[in-house]
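Read the structure below first, then the notes.
Protein chains: 2
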Amino acid sequence: MAPKPRRVTQREIAEIAGVSQTTVSVVLNDRDGTNVRIPEATRARVKKAIEQLTYVADPAARRLAGLDNQIIGVFTYEAALSPESMDFYGPLLNGIERAAERIGWDLLFFTSSPVEDGTRSLFHRKTRLRLTDGCVLLGQQMVASELERLVAEQFPFVAIGRRDETAAPVPYVAIDYVTPATALIDQAAAAGHQQALYVHRGRDTPAARDRRGAVEAASADGRLAFLLVGEERIADLPRLAQATGATVIIAEDAFLIEDAVLALTAAGVAVPDEISVAALGEVRGHRIAGRPLAGFHVPREQLAAEALDLLQLLISTEPQEWTDLETRRHLDSEVEPGATIVERTDS
Amino acid sequence: MAPKPRRVTQREIAEIAGVSQTTVSVVLNDRDGTNVRIPEATRARVKKAIEQLTYVADPAARRLAGLDNQIIGVFTYEAALSPESMDFYGPLLNGIERAAERIGWDLLFFTSSPVEDGTRSLFHRKTRLRLTDGCVLLGQQMVASELERLVAEQFPFVAIGRRDETAAPVPYVAIDYVTPATALIDQAAAAGHQQALYVHRGRDTPAARDRRGAVEAASADGRLAFLLVGEERIADLPRLAQATGATVIIAEDAFLIEDAVLALTAAGVAVPDEISVAALGEVRGHRIAGRPLAGFHVPREQLAAEALDLLQLLISTEPQEWTDLETRRHLDSEVEPGATIVERTDS
DNA sequence: CTCCTTTGATAATGCGCATCTTCAGATTTG
DNA sequence: CAAATCTGAAGATGCGCATTATCAAAGGAG
Numbered sequence: 001m002a003p004k005p006r007r008v009t010q011r012e013i014a015e016i017a018g019v020s021q022t023t024v025s026v027v028l029n030d031r032d033g034t035n036v037r038i039p040e041a042t043r044a045r046v047k048k049a050i051e052q053l054t055y056v057a058d059p060a061a062r063r064l065a066g067l068d069n070q071i072i073g074v075f076t077y078e079a080a081l082s083p084e085s086m087d088f089y090g091p092l093l094n095g096i097e098r099a100a101e102r103i104g105w106d107l108l109f110f111t112s113s114p115v116e117d118g119t120r121s122l123f124h125r126k127t128r129l130r131l132t133d134g135c136v137l138l139g140q141q142m143v144a145s146e147l148e149r150l151v152a153e154q155f156p157f158v159a160i161g162r163r164d165e166t167a168a169p170v171p172y173v174a175i176d177y178v179t180p181a182t183a184l185i186d187q188a189a190a191a192g193h194q195q196a197l198y199v200h201r202g203r204d205t206p207a208a209r210d211r212r213g214a215v216e217a218a219s220a221d222g223r224l225a226f227l228l229v230g231e232e233r234i235a236d237l238p239r240l241a242q243a244t245g246a247t248v249i250i251a252e253d254a255f256l257i258e259d260a261v262l263a264l265t266a267a268g269v270a271v272p273d274e275i276s277v278a279a280l281g282e283v284r285g286h287r288i289a290g291r292p293l294a295g296f297h298v299p300r301e302q303l304a305a306e307a308l309d310l311l312q313l314l315i316s317t318e319p320q321e322w323t324d325l326e327t328r329r330h331l332d333s334e335v336e337p338g339a340t341i342v343e344r345t346d347s
Numbered sequence: 001m002a003p004k005p006r007r008v009t010q011r012e013i014a015e016i017a018g019v020s021q022t023t024v025s026v027v028l029n030d031r032d033g034t035n036v037r038i039p040e041a042t043r044a045r046v047k048k049a050i051e052q053l054t055y056v057a058d059p060a061a062r063r064l065a066g067l068d069n070q071i072i073g074v075f076t077y078e079a080a081l082s083p084e085s086m087d088f089y090g091p092l093l094n095g096i097e098r099a100a101e102r103i104g105w106d107l108l109f110f111t112s113s114p115v116e117d118g119t120r121s122l123f124h125r126k127t128r129l130r131l132t133d134g135c136v137l138l139g140q141q142m143v144a145s146e147l148e149r150l151v152a153e154q155f156p157f158v159a160i161g162r163r164d165e166t167a168a169p170v171p172y173v174a175i176d177y178v179t180p181a182t183a184l185i186d187q188a189a190a191a192g193h194q195q196a197l198y199v200h201r202g203r204d205t206p207a208a209r210d211r212r213g214a215v216e217a218a219s220a221d222g223r224l225a226f227l228l229v230g231e232e233r234i235a236d237l238p239r240l241a242q243a244t245g246a247t248v249i250i251a252e253d254a255f256l257i258e259d260a261v262l263a264l265t266a267a268g269v270a271v272p273d274e275i276s277v278a279a280l281g282e283v284r285g286h287r288i289a290g291r292p293l294a295g296f297h298v299p300r301e302q303l304a305a306e307a308l309d310l311l312q313l314l315i316s317t318e319p320q321e322w323t324d325l326e327t328r329r330h331l332d333s334e335v336e337p338g339a340t341i342v343e344r345t346d347s
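Protein chains in written order, with UniProt numbering: chain A, 1 to 347; chain B, 1 to 347.
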């Protein structure tokens, strides 16, 4: 494999220019201290030889010699570029690409670990993780043990999404869902609604817990009473709404709302006229009966930019000093009031 | 930068297991010849130490020692993950990701070279190209000199899109546009149309020339007469159609058709009832007046799979023998008859 | 009992680069 | 004019791994 054809090396340049390999290296890196001095004349001669031979440094050798590589690893716990995932990952990856381009770094996607049981594993005997200077982690189902190992090895990385429940201090950039979720719930309450249904996927991720927390807090405070409904009971929503007297349905994400609307419409319930709807997630592109769905606008490009910024900070800081850094960043989602939460009409 | 924390090396394993570094390397690679022999007992002892210390090989060192890396480079001459590009690159990248996953390889995206003047440059002093075993090239505007350099350096790579007009023999995987374009034109002719307009972007790429070639051939043969129209004259289409008596408009891609339909509708021309339309490109997701647009279905996932297959072939073959290989592969696009080429009604 | 073969494993080497150390010769200082 | 300093550059070394050559000890043949 990999015939490894001979390329131009510093030694060849050195021979052409009549100097030592050391000198070539020094010239290439523009080094100049008291220890090493190269006069302009020699420097020019070497540079000329470099140009002539169109020298390109061997990144593996550079890396082995302890330098940085300007490569950022991107690890997704699920397939990232599939059509289904692009909806979610697309804006993120786009943001990452742009940020990487801005700082002149390459991106290594760890597609080599196959997706098994819906999740990938970052560590394996031949992982190319260490070719990178740092790594961005994406995905719902991160493996806690791997996060802990990264921390233990003092490898620079940033998770996307809140990860504050592992034993180890995991650096992350996350969206704050509590504040906008509460705002959206209060918007429904202000519109006169008193009883609601919350449709969720029953997942146990931090983001899911945040949203549910906002829902339960509203219930506890008496701002808006909720009944929690698992996604498997979506078909049953019309009956549940009638039984509880709920006039608004809030779901974990926009896709659940679309399913809910289908069920409601089939049962002859008009949305949003009879029952209001809102999603505690990104609603861009989602319309209900021609009206923009109430929910959030998640700033995913910004999320990516923030992640790479944090990662760069970690990379350029000695691990000993990481504890002094603010390694957990939160971004606010913008609330999209939409037009699917309507004033409650007393019936 | 890159503090390079100490990781587990073969030497440490060797010390634990009471053997030499050589032995560890041999065990790791399951090597066993007449030259080097390790009995099962020792082998097991070493393996145990490897497990205990959760050894992971340093990819840079492996590479420097002349081994393959299982990394494929992905170079796009334009930004790849932006929303506008995703439409085009998305299915390709998805296919590449899946193919890479299937064979257990990682993907290195060369985002470090910034896009200047709408195009990127693959070669620069610090390019990480050599970290990869081979490279896939995407984009409309490839730089001929770079392709030639890759060929000259015997670096394994595959271009996506036809590239048979450089001096050097560039390996590529491409879509054949001539056959389906001709089929589509003949479909229009069979529906009774005699005069057509061809809307193009005026680009000088192989694919564009292929399509135009099919158009001009049809004109020359008298199957269907064409007037060529640059995209800047789209607003003028209604007038041109009337002046020439054209009853069908064919464009280079679906987006041009959409613009054309806008112009026609604004001028009070009914599409497709009065004027039929078709695109010589991917039409998935494009509908005109509720009907599927006539055009192609480009097998982009398959294109990607084919590209990685060819690339693997190149990587595993000695460069001297490349000339014996079939390094140019063509895929057929499927014709989508659609419902926007209607029978010509004599008026 | 000596010589030849097999077994089991090690030391040495190189990959390409950056860096630390050394050193000869030129220049300045006392 | 000898000693101290500075200048310009080369030599040696290590990064972690694979590989080649080498070698001691054990076993077998005659």
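Note that the Cβ used here is the ideal one computed from N, Cα and C, for glycine as well.
Beta carbon of arginine 163 of chain B nearer than 9 Å to that of alanine 174 of chain B: yes
Among A/Leu303, A/Thr345, A/Asp309 and A/Gln312, the one whose alpha carbon lies nearest that of leucine 92 of chain A: A/Leu303
Length of the line joining the Cα atoms of tyrosine 89 of chain B and proline 292 of chain B: If I take the Cα positions, the gap works out to 22 Å.
Beta-carbon contacts of glutamate 165 of chain A that lie in its chain and below 7 Å, excluding the five residues immediately before and after: Once the five neighbours on either side are set aside, the close Cβ partners of glutamate 165 of chain A are Pro206.
Where asparagine 35 of chain B falls, given that 16 or more other Cβ within 10 Å makes a residue buried: The C-beta of asparagine 35 of chain B has fewer than 16 other C-beta atoms within 10 Å across all chains shown, which makes the residue exposed.
CA nearest to the CA of threonine 340 of chain B, picked from B/Ser316, B/Arg300, B/Glu326 and B/Gly290: B/Gly290
Within chain B, the residues that phenylalanine 123 of chain A reaches when beta carbons sit closer than 8 Å: Residues of chain B passing the Cβ test: Thr54 and Val56.
Touching by the beta-carbon criterion (3+ pairs, under 8 Å), the segment 73-81 of chain A and the segment 103-123 of chain A: In the pairwise beta carbon analysis, the segment 73-81 of chain A is classified as touching the segment 103-123 of chain A: at least three pairs are separated by under 8 Å.
For isoleucine 275 of chain B, the three-state DSSP class (helix, strand or coil): coil
Every unbroken alpha helix (DSSP H) within the segment 157-227 of chain A, with a cutoff of 4 residues, ordered by chain: With a minimum length of 4 residues, the continuous alpha helix (DSSP H) runs that stay inside the segment 157-227 of chain A are 178-190 and 206-221.
Assigned exposure category for proline 272 of chain A - 16 Cβ within 10 Å defines buried: buried
7 Å Cβ shell around proline 59 of chain B - same chain, five flanking residues per side excluded: Asn69
Partner residues on chain A for alanine 70 of chain B, Cβ-Cβ distance less than 8 Å: Strictly speaking, residue 70 of chain B in this sequence is glutamine, with alanine absent from that position. Ser112, Lys126 and Arg128, listed in chain order.
Amino acids of chain A, ordered along the chain, whose beta-carbon sits closer than 7 Å to that of serine 145 of chain B: Within chain A, no residue comes near serine 145 of chain B; the closest Cβ sits about 11 Å away, beyond 7 Å.
Backbone CA spacing between arginine 99 of chain A and alanine 305 of chain A [nearest angstrom]: With the sequence shown as reference, residue 99 of chain A is identified as alanine, and arginine is not the correct amino acid for it. Near 6 Å, if we compare the C-alpha coordinates of alanine 305 of chain A and alanine 99 of chain A.
For glutamate 252 of chain B and arginine 201 of chain B, believed in contact at Cβ under 8 Å, the rounded distance: 6 Å
Neighbourhood of aspartate 32 of chain A by C-beta, 8 Å cutoff - its chain only, sequence neighbours within 5 removed: Val26 and Ile38, listed in sequence order.
Secondary structure of phenylalanine 255 of chain A, DSSP reduced to three states: helix
Contact check, valine 8 of chain A vs leucine 53 of chain A, beta carbons under 9 Å: yes
Cβ neighbour criterion (16 or more within 10 Å) applied to methionine 1 of chain B: Per-residue confidence for methionine 1 of chain B stands at a pLDDT of 49, beneath the threshold of 50, marking its modelled position as unreliable; no derived number is given.
Segments of 4+ residues assigned as alpha helix (DSSP H) that fall wholly inside the segment 8-85 of chain B: 10-17, 21-28, 40-52 and 59-64
Proximity test, Cβ basis, 9 Å: proline 3 of chain B and chain A: Note that proline 3 of chain B scores a pLDDT of 46, beneath 50, so its modelled location is shaky and nothing firm can be said.
Contact set between glutamate 97 of chain A and chain B, taken where Cβ atoms lie within less than 9 Å: Ala79, Ala80, Leu81, Ser82, Phe109 and Thr111
CA-to-CA distance, tryptophan 322 of chain B to alanine 220 of chain B, given in whole angstroms: 39 Å
Residue-level contact to chain B via CB, glycine 285 of chain A, 9 Å cutoff: no
Candidates B/Val56, B/Asp210, B/Thr317 and B/Ile257: closest to residue 352 of chain A by CA position: Past the boundaries of the shown model lies residue 352 of chain A; chain A is included only from 1 to 347, so the question cannot be answered.
Residue-chain proximity (proline 59 of chain A, chain B), Cβ-Cβ < 9 Å: Judged by the 9 Å Cβ criterion, proline 59 of chain A is in contact with chain B.
Sheet register partners of valine 229 of chain A (DSSP bridge): A/Val199
Residue from B/Thr42, B/Glu40, B/Ala41 and B/Val46 whose Cα sits closest to the Cα of glutamine 10 of chain B: B/Val46
Which residues DSSP lists as bridging glutamate 334 of chain A, in chain order: A/His297
8 Å Cβ cut-off: residues of chain B touching aspartate 106 of chain A: Here the neighbours are Leu108, Phe109, Phe110, Thr111, Ser112 and Arg128.
Members of the segment 266-294 of chain A near chain B, C-beta cut-off 7 Å: none
Cβ pair count under 8 Å reaching 3, the segment 121-139 of chain A against the segment 254-264 of chain A: no
Leucine 280 of chain B - DSSP class collapsed to helix/strand/coil: strand
For valine 151 of chain B, the first and last residue of its enclosing alpha helix (DSSP H): 144-152
Distance CB(proline 299 of chain B)-CB(glutamate 326 of chain B) smaller than 9 Å: no
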